[in-house]
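Here our numbering is used: the first residue of the sequence shown is 508, the next is one more, and so on. By construction, the Cβ of each residue, glycine as well, lies at the ideal position given by its N, Cα and C atoms. Below you'll find the structure, written out as C-alpha cells, and then a few comments.
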Amino acid sequence: MKKRSSPDIIATILDAANGAIGKTRLLTKANLTSTQLKKYMDFLLEKEFLAKCEDQSSRHSAYQTTGLGLKYLALYNSIKSVAYINA
508 MKKRSSPDII
518 ATILDAANGA
528 IGKTRLLTKA
538 NLTSTQLKKY
548 MDFLLEKEFL
558 AKCEDQSSRH
568 SAYQTTGLGL
578 KYLALYNSIK
588 SVAYINA
C-alpha cells in the first residue's frame, strides 16, 4: 500500500468534514489512527481549516471544514488534476 503524503491526508480529512462530522466517523473515513488524527486535527484547527461545533442532536463535538479549508481543497484538486495530466 502506498504511503499518503501530508497534503493527501489533509485533503482527505477536509473532504470528509465537508459537513459536520464526529471524530470517530472522521477517523474511519480518513483511515487514520487516533494519534495521527489528533496531530492533523490540531494543525487544521490551529490554521482554521477546520472548525469545532457542537452537535445539537447529541452532546458530542462535531467538526466542519471552513471556507479556508474549502479553498485548500480546491487548490489541492487543481494541482492534482494538473499532475495527472502531466504524468
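> Rounded to a whole number of angstroms, what is the C-alpha to C-alpha distance between residue 589 and residue 525?
Replying inline: Position 82 of the sequence shown, counted from the first residue, corresponds to residue 589. Position 18 of the sequence shown, counted from the first residue, corresponds to residue 525. Our two residues, residue 589 and residue 525, have alpha carbons roughly 23 Å apart in a direct line.
> Taking C-beta to C-beta, are residue 518 and residue 560 nearer than 8 Å?
Replying inline: Counting from 1 along the sequence shown, the entry for residue 518 is found at position 11. Counting from 1 along the sequence shown, the entry for residue 560 is found at position 53. Cβ distance not < 8 Å, so residue 518 and residue 560 don't count as in contact.
>> Nearest by alpha-carbon distance to residue 581: which of 529, 515, 510 and 509 is it?
In response: In the sequence shown, residue 581 corresponds to position 74, counting from 1. Taking the Cα of residue 581 as reference, the smallest distance to any Cα among 529, 515, 510 and 509 is reached at 515.
>> Please classify residue 591 as buried or exposed, where buried requires at least 16 neighbouring CB atoms within 10 angstroms.
In response: Position 84 of the sequence shown, counted from the first residue, corresponds to residue 591. Residue 591 is exposed by the Cβ-count criterion.
>> If you reduce the DSSP assignment to three classes, tell me which class residue 580 lands in.
In response: By one-based count along the sequence shown, residue 580 stands at place 73. Three-state DSSP puts residue 580 in a helix.
> Is it true that the CB of residue 572 sits closer than 8 Å to the CB of residue 557?
Replying inline: The residue labelled residue 557 in the question sits at position 50 within the sequence shown. The residue labelled residue 572 in the question sits at position 65 within the sequence shown. Yes, the Cβ-Cβ distance between residue 557 and residue 572 is below 8 Å.
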